Structure formats: structure tokens, C-alpha cells
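Taken in order, the sequence shown gives residues 158 to 771; the numbers are from this note's numbering. Data first, discussion second: the structure below is written as C-alpha cells.
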Amino acid sequence: MSTSPPIAIVGMSSLFAGSHDLLGFWRDIVSATDRLTDVPPHAWLIEDYYDPDPSAPDMTYAKRGGYLDPVAFDPMEFGMPPTTIPATDTAQLLALIAAKRVLQDAGKYSDEADLSRTSVILGVASATELVVEMGSRLHHPLWRNALRKAGLPESRVQEIVQLIKDHYQPWQESTFPGLLGNVVAGRIANRLNLGGSNFVTDAACASSISALQAGLHELYLGDSDMVIAGGVDALNDILMYMCFSKTPAFSLTGDCRPFSEDADGTLIGEGVGMLALRRLEDAERDGDEIYAVIRGLGASSDGMGSSVYAPRPEGQANALRRAYDKADYSPATVELVEAHGTATKAGDAAEARGLTSVFGPANEAGRAWCALGSVKSQIGHTKAAAGSAGLIKVALALHHRVLPPTLKVSKPNSLLGLEDGPFYINTDTRPWIRGSDHPRRGSVSSFGFGGSNFHVALEEYTGSGNRPKKLRAWSEDLLVLSAADRDSLALRIGKVRSQIEQGYSLGTLTAQGAEDFEADAHARLAVVASDADELGMKLDKAVEVIRAGSEGSLPDPDVHFGFGPSKAKKLAFIFPGQGSQYVGMGAGAAMTFDCARAVWDEAVDIKEFAGDRL
């Protein structure tokens, strides 16, 4: 019998490289989009710090990573004086946005919601960007002495020192709380009126799962009715690059390829991931929408090893065993593992050995049954937020019944021992086919410097309660807008254009448009696009034509608009039978429509298919 009460994931939110919301993140995952880029100028200048020689002093040999696009922040929305924003670390501001969204996703962001027993526990790295900046401002005695030794006159010394100081934010009353990592959780509790516990945890790169562990205990003991758990990491500055460069852990070739034969190191990223958690019985009683269920979490330390940061498979395996003991099911029933997978050859191989020692060999038919992956191949290693990225990925995979891909593995690392083991590297997005003998199950590993090991066991929600709508992640999507007249439609387009600039994903915008669309409105617009940038360009063209008084459509066949009464027409679907058939063409239908996938689920129960991976 399970020793851990089941915990429901009732809400999620995310901010990762290339996506500003949950739908955008999931779309990037299933479309196998690589979001690693060159370091943007607002972070640090490549010409100032980059040297391809790893031994070059005070230089980094990495110049790529996973960076968030600019995120709009309205201080008045959270009751913060605008003057305090420069003295508040980015991590605190991003966390506020994510916390509000996770409450909205959980259906708890309203005046009626009782948040007096809601806690917020987040994994946050010890240092923040503002700590580094404010500490650097205090080096003025060093600058002054160096300039004096160089023989500059005192007036010139003071002038130069002031010029340097002007590059940094001045100290003010709000600077101290604004630079503290532990205030990330406190700021959320304060601004969103949460009455439960608030604190942060630091287990290095496993921080977000250590926060999850603390949050689960709050729920197990009955100290909280809901917990917001996850991780926040906005520290991709030159100091962090120097730390990883001198370890050294960065890829020499500038890419992150977990489990690949040509993996040669990691890349780091920024990110925020949060999950709203409730006891399953409470979530079902209150009609909450449930993404997935956490069945157990195991933790361990590596103990004595060759160094404080060298991974030990034996220590990692202990965390796995403890997780499955609490979940009370065998790892042989787990078909997806989101690994720590940082893309260091030794680290990936050590993790694979630890996993295999618990999961055992291939099945009786000699087949691997469990997909092994790492989202770091897409967004980099988001450090304190890394575990939350993996947890969200697996929860969404369970919810959508989809096996997500891992990028950049043309040939698996030979040190992984995949030939006769239980794992395979899933490189394509596939429907997750499963028989009726047990629910779909997935797990997440997260390990930190210092030998902190965590493993989370999850399974799909199969109860009679509510499930969230599926997140649409198609290659193209349809935006429909409506308004009372031309001018109002132009204003509506302008609002969507503003949302695109704020980082809203295509899926979020089209879902919002479909919900608000009125077919009998006087002014109507329909646009097909493959991403938010393309949508923005087409909207710019559309608004020009609409304001000019034109009717009908643009030369672009993907943009149509109409004015006046909507003419009632019949809707017909045409299946022309054109195009060549190809292997796997039914996978899209199985991933999109439950009824299409259910046929294959039933096939698994047929004896003749036993042992095959469908």
C-alpha cells in the first residue's frame, strides 16, 4: 500500500526560453523546438567575455544559452510603486507573474477564493542578479586606489569613479528586500495575500524538487490546503557563466545534447516553473481540474565520493527506490522518465547506471519499454528551476497522453548501455499508447551539486473528476476576432498585437479569440498563422486594409474578414484522398483525438501485441 497520499496537480504556469506561458512551453516541447541562442546583449556582451580557450583567465568559453524574451511587468497590477522596480530583482518580478497565472490556472484567483491556507515554497538559487550588481557598486575603493596608482589627478579619479558607479542602481530603502532570494516567495505571499507558509529552498540544481518535497509534506501533514511549488532562476549573468566555465561543465561546441554520443557539456538557461498542488480527495471534492497525480517522492544524498560535485549512481538509485516504495508500484510500469540529463558525458552515463540498477534489464521480449529524455536539450539547464521544467513536461505528457521527444540525439551515448536495458531515447513526438492493466506513469529526476538527489513518481489522473482542456499544439492555428464595427475591430487587433509583444503564445491567443468570438458580430476577422511572429505580421497588414475600408480578404489566402450580417451557410468537410500515405500518419490523429488513440489502447490488451511498443 502506498505510504504517500496522492497529490493532485491542479494548476501550472511557466516562463522558459522562447515561451511565456504553459501552452507555448508545451508547443515547443512537442514540436521539438530548440530555444538555445547566442547570449543577448542585455545579459552580457560576447566580445567582452568570450574566449574559446577554456583556460583563458576571467573569460568564458560559452556564448549560448536559454534566455527569456522580455516580459512585460505592470507594477500597479501587483500594488508595487514603480520607483521600487529598479531595486527589485528580476526573479521576484517573474515569480509574481507566474504565481498569479498558476492561481488562475487552478481556478483560485478570485475575490471569493480562500487562500488563508495556501503556501508558496520555491526553489531559488542563493545568489540573485541584483546581489551581484549591488555588491559590485561597493568596489569603489578598489577603483579609486587603482586610478591613483596610475597617476591620475584626484579630480579625474573622482570623476571616473562616479562614471563607474552610475552604471549601477543606487541604494534605496527597497534594495535590501529586493535583492534577497528568500523574498521571492515572500513577495508572492504578500502581493497575492497567501496565508500559509512561505519560504525558499536551495539544493543547487535540484532546488525546485526540494521545494516540491517541502510542499508535499505541508499537504501530507494537513498544514496547508494548497501549495504553490516550483523553481525560479533568472541568473544567467556573466558570473554564472564563469562558474560553469571554470568547473568546467559547458559544452565546447556550444550545444546541449543530453544522452547523445557527441554530448560534450551543458548550457544554462533562465526559467520559472510553478505547480499548484492539493490533496487528491480535496481536489475531487471541490471539482478542481486535475492534470496528473504525484504518487511519491524519494530523496537521498550521495554520501562520501571522490568530490562534492561528482555524481554517484548508487546515491541516485536510492532516491529512485524510495520514490517507488512510497508510490507502491514497480518502476517496470513507468514508461517515461524525464532525467536530470545535463549532457555531460560522465554525468549522463552515471545517471543511466543509477536508473538501470533500479529499473532492471529489458523486458521478457528483449525490448526497452521506457522513454528517456531531457528538456534541457531545448531550453538548457535552468538550474534552480530545472526540476520544475521537467515536472511540468511530464505532467503535460500524462495529461495529453503523449510521449514528448528529446532533441539532438543522432546516436545515443555508448556509455548509457541502452542495448539491453529498459530505456530508449524517444526522438519523435508520439501518442502514448497504454493498455488497461495500469495508468500511464512517468517520473522526474533532479540532482544538485553537493549530492542532493530527488526522484518524483507521477501517474495520469483516471478518476471521475474534472480534467483541464487539452492544450492545442498544432503546427498552424486559426485566430478569429469579432467586434461591433471596423474601428472596434482595429482596436481589437491592436490589443492582440500588444499581447504578441508581451510574449503571448499563438495557442493562447487563438484559444482566447475562439472563446470571445461572436459569429453574428458586424465585423469579423480570421487569420491562419504558424507562430506569433507570423500572426503579428498578418495582423499588421489586415489592420491597414480594414482601416482603408476594403472588403473581403487580403491577397494572402490565410487572412479573411467580413462586415455586415453574417450569411448563414452550411459547413462541409471534404476528404479528397489526395497525397501519399506514409508510415505513422495516424499518430497526429491519435495525439489530438482521444477516440483515435483509444483504439490503439485497446490493441495493447490483445495478446498478439504483447511485448510490442505501439
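Heads up, the beta-carbon is just placed ideally off N, CA and C, and yes, glycines get one too. Fair warning: this is a prediction, and the values are worked out from it, not measured in the lab.
C-beta atoms of residue i and residue j nearer than 9 Å
i, j, result
"threonine 667", "arginine 629", "yes"
"serine 534", "leucine 573", "no"
"leucine 575", "alanine 676", "no"
"valine 532", "serine 417", "no"
"leucine 728", "leucine 682", "no"
"serine 603", "glycine 544", "yes"
"tyrosine 481", "histidine 556", "no"
"alanine 760", "proline 588", "no"
"alanine 345", "leucine 432", "One point to set straight first is that residue 345 is isoleucine, not alanine, in the sequence displayed. Contact: no."
"arginine 558", "arginine 598", "no"
"alanine 689", "aspartate 445", "no"
"leucine 615", "alanine 705", "no"
"leucine 636", "valine 684", "yes"
"aspartate 210", "serine 276", "no"
"phenylalanine 173", "glycine 343", "no"
"phenylalanine 611", "valine 465", "no"
"glycine 426", "glycine 223", "yes"
"arginine 452", "serine 161", "yes"
"threonine 539", "proline 562", "no"
"alanine 542", "serine 364", "yes"
"valine 494", "glycine 530", "yes"
"valine 653", "glycine 670", "yes"
"aspartate 758", "arginine 591", "yes"
"leucine 369", "valine 167", "no"
"aspartate 443", "arginine 274", "no"
Rounded distance between the beta-carbons of residue j and residue i, thought under 8 Å
i, j, result
"alanine 546", "glycine 430", "5 Å"
"alanine 391", "alanine 248", "4 Å"
"glutamate 441", "glycine 620", "6 Å"
"glutamate 633", "serine 593", "At roughly 35 Å, the Cβ-Cβ gap does not stay under 8 Å, so glutamate 633 and serine 593 are not in contact."
"leucine 349", "leucine 260", "7 Å"
"alanine 282", "proline 415", "Rounded, the Cβ-Cβ distance is 21 Å, inconsistent with contact."
Collapsed DSSP secondary structure at residue i in the structure displayed
i, result
"proline 415", "coil"
"glycine 511", "helix"
"threonine 665", "helix"
"glycine 430", "strand"
"serine 602", "strand"
"methionine 115", "Residue numbering for the chain in the displayed model covers 158 to 771; residue 115 lies beyond these limits and cannot be assessed."
"glutamate 330", "coil"
"aspartate 634", "strand"
"histidine 374", "helix"
"histidine 297", "helix"
"tyrosine 398", "helix"
"threonine 490", "helix"
"phenylalanine 720", "strand"
"proline 561", "coil"
"serine 273", "coil"
"methionine 694", "helix"
"glutamate 446", "strand"
"leucine 351", "coil"
"serine 567", "coil"
Through-space distance from residue j to residue i, alpha-carbon basis
i, j, result
"valine 389", "arginine 643", "43 Å"
"serine 354", "glycine 455", "22 Å"
"alanine 263", "alanine 361", "28 Å"
"glycine 181", "tyrosine 661", "8 Å"
"leucine 378", "proline 163", "13 Å"
"aspartate 374", "alanine 641", "The question names aspartate, yet the displayed sequence has histidine at residue 374. Between histidine 374 and alanine 641, the C-alpha separation is close to 52 Å."
"aspartate 751", "asparagine 475", "37 Å"
"valine 318", "methionine 291", "15 Å"
"leucine 560", "threonine 513", "20 Å"
"arginine 524", "valine 740", "21 Å"
"lysine 724", "histidine 679", "11 Å"
"valine 515", "aspartate 577", "14 Å"
"alanine 270", "asparagine 347", "16 Å"
"arginine 301", "aspartate 208", "29 Å"
"glycine 498", "phenylalanine 333", "36 Å"
"serine 267", "leucine 424", "39 Å"
"serine 600", "valine 756", "26 Å"
"glycine 352", "glutamate 438", "22 Å"
"isoleucine 582", "histidine 717", "43 Å"
"lysine 626", "threonine 358", "32 Å"
"valine 702", "phenylalanine 674", "21 Å"
"arginine 111", "aspartate 505", "In this structure the chain extends from 158 to 771, so residue 111 is not present and cannot be described."
"histidine 296", "methionine 169", "42 Å"
"isoleucine 366", "serine 171", "15 Å"
Would you call the stretch 227 to 244 in contact with the stretch 187 to 195, where contact means no fewer than 3 C-beta pairs closer than 8 Å? Not touching, per the Cβ criterion.
Quick check: the stretch 209 to 228 against the stretch 385 to 399, are there 3 or more CB pairs under 8 Å? By the Cβ rule, the stretch 209 to 228 counts as touching the stretch 385 to 399, because three or more pairs are nearer than 8 Å.
Say whether the stretch 282 to 293 touches the stretch 322 to 329, bearing in mind that this needs 3 or more beta-carbon pairs closer than 8 Å, one atom from each stretch. Result yes; three or more Cβ-Cβ pairs closer than 8 Å.
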